[in-house]
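Working notes, beginning with the structure itself.
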Amino acid sequence: MGRRFHLTRDFSGIKLLPPGLHLLTFSAPSSSSPSAGPAAISIRYGILRYFTKQERYFLSYDPKSEQLMHDPSTLISDDQLRVQDAHLAPYPFQGLEAWQSLTNAISREILIDVLGQGGAVDGMRGVIGQEDEAGRSDYEHEHEGMRFITFDLRRSWRDGAVGEEVSRFSMDKSWLLASVIQDRAGGDPMNLIGQIQLSFILLLYLSSYSALTIYKLLLSLLTRSSSALESAPIALQSTYTALIHTLSSQLSALPDHVFDGDLPEMDLFYLDEIESLAKNLSSAISSWGEKHNKHVTQAWQSLGNVARNKFNWHLSDLAEYHHGQGIDEQDDEQGEYAPVIVDT
Numbered sequence: 001m002g003r004r005f006h007l008t009r010d011f012s013g014i015k016l017l018p019p020g021l022h023l024l025t026f027s028a029p030s031s032s033s034p035s036a037g038p039a040a041i042s043i044r045y046g047i048l049r050y051f052t053k054q055e056r057y058f059l060s061y062d063p064k065s066e067q068l069m070h071d072p073s074t075l076i077s078d079d080q081l082r083v084q085d086a087h088l089a090p091y092p093f094q095g096l097e098a099w100q101s102l103t104n105a106i107s108r109e110i111l112i113d114v115l116g117q118g119g120a121v122d123g124m125r126g127v128i129g130q131e132d133e134a135g136r137s138d139y140e141h142e143h144e145g146m147r148f149i150t151f152d153l154r155r156s157w158r159d160g161a162v163g164e165e166v167s168r169f170s171m172d173k174s175w176l177l178a179s180v181i182q183d184r185a186g187g188d189p190m191n192l193i194g195q196i197q198l199s200f201i202l203l204l205y206l207s208s209y210s211a212l213t214i215y216k217l218l219l220s221l222l223t224r225s226s227s228a229l230e231s232a233p234i235a236l237q238s239t240y241t242a243l244i245h246t247l248s249s250q251l252s253a254l255p256d257h258v259f260d261g262d263l264p265e266m267d268l269f270y271l272d273e274i275e276s277l278a279k280n281l282s283s284a285i286s287s288w289g290e291k292h293n294k295h296v297t298q299a300w301q302s303l304g305n306v307a308r309n310k311f312n313w314h315l316s317d318l319a320e321y322h323h324g325q326g327i328d329e330q331d332d333e334q335g336e337y338a339p340v341i342v343d344t
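If you're matching positions, the sequence shown starts at 1 in the UniProt record's numbering and goes up one per residue.
Have a look at this one:
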């Protein structure tokens, strides 16, 4: 999916880059920083952007700031390319299909909204509006943070709701999902898939904790919106099919032993959310029509194959969940995003 290069004087760049979205990640050796101690950890940096066909894009490395800098005024002639050709590494096409399956919902608009025009990002960058456990925002100055969609999943009912309505929508996130789609995602639920994909690749390739938090937040919103699925319009039905395909690609992309090291207990999160999704889908897809019912069932079978082959997880068919093998209702009230009732 990606290729790692140890840079030397002979390396001048990458050639034969196919048009589309690409992520270039880099990190300097920890010893390159004058203030770095023996236990210093190198921050991973990235540039995520859409490239056009036969585009020539020049980057220079600034060792002082440990950043790759792009100067749009720098022109690269045909003669320069011919001279440098032997020092250009070919693009690793064997990973292109997997990369595209991880990123096919990330539009240019999402990229600009979240990262800004330059597409520069690093593993330590926070998210605007995302609060830590003490209720403080990650970044005091908004221009420093990523602009992902954020919301409070634990308070998922409308303002003014009382009694039974609060109880219902504290478990079923459908009201919040509709609100987020309308007010934060431009009315298009596929934009949520794009943000899930973007947060995942920032987690996978930059080890971004902020991206992990957003990823879990968005995924839980979609997996726990039961009544939204029962009367889902075509666009939302397609979104859930895309979500299952995206989960398959993401599980495939994770390193084999990631839950034993970099992402402890993330396997439990995945299993909980997948089971919640299965329960809600199994009750709803019979009303979706034959075409979308077939598509989501096939996508679920593919997800089950990936889960079994990669992590030895055994997912039941959706029909089995429909006949009573779903999760216990009390499970919906537990975990990281358990509802919090507050006085208003």
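C-beta: ideal position from N, C-alpha, C; glycine also.
Nothing here was measured: the structure is a model prediction, and the numbers come from that model.
Enclosing alpha helix (DSSP H) for residue i [first to last residue]
i	result
H295	E290 to F311
I196	M190 to L206
Q130	Unbroken run through Q130: none, as it is neither H nor E.
S248	I234 to A253
Q182	S174 to D183
L229	S226 to E230
R108	R108 to L115
Reduced DSSP category for residue i - H, G, I as helix; E, B as strand; rest coil
i	result
Q100	helix
K279	helix
F169	helix
P19	coil
I149	coil
G135	Low confidence applies here, because G135 scores a pLDDT of 48, under 50, leaving its location unreliable and the question unanswered by this model.
F58	coil
G186	coil
L263	coil
S73	coil
V162	coil
S287	helix
Short CB-CB distance (under 9 angstroms) between residue i and chain C
i	result
F148	The chain labelled as chain C is not found in the depicted structure, where only one protein chain is given.
Residue environment, residue i, which counts as buried when at least 16 other CB atoms sit within 10 Å
i	result
I47	buried
I256	A small correction: the amino acid at residue 256 is Asp; Ile does not occupy that position in the sequence shown. That one is exposed.
E165	exposed
Y215	buried
P189	buried
Y61	exposed
Y321	buried
V83	exposed
residue 345	Residue 345 lies beyond the range of the chain shown here (1 to 344); nothing can be said about it.
Q250	buried
residue 347	An answer regarding residue 347 cannot be provided, because it is not within the stretch 1 to 344 covered by the chain.
N280	buried
Y209	exposed
I285	buried
E55	exposed
N312	exposed
D272	buried
Other residues of its chain near residue i: CB distance less than 6 angstroms, five sequence neighbours each side excluded
i	result
T74	F58
S199	A211, I214 and Y215
G13	L88
Spatial neighbours of residue i in its chain, beta-carbon cut-off 7 angstroms, leaving aside the 5 residues before and after
i	result
L16	P90 and Y91
P19	F51, T52 and K53
S227	D172 and S174
R168	none
G187	I181
G119	I47, L48, R49 and L111
Proximity test, residue i beta-carbon vs the ligand ZN heavy atom, cut-off 8 angstroms
i	result
A211	Looking for the ligand ZN in the displayed structure turns up nothing, as the structure carries no ligands at all.
Delimiting residues of the beta strand (DSSP E) encompassing residue i
i	result
V121	A120 to D122
Q67	Q67 to H70
Residues sharing a beta bridge with residue i, DSSP
i	result
Y215	Partner(s): none; Y215 has no beta bridge.
T25	G46
D78	D78 pairs with nothing; no bridge assigned.
G13	L88
F51	G20
Contact set for residue i: own chain, Cβ-Cβ below 8 angstroms, skip 5 residues either direction
i	result
R308	H314 and L315
Y205	G2, L23, T25, R44 and G46
I193	A105, T239, A242, L243 and T246
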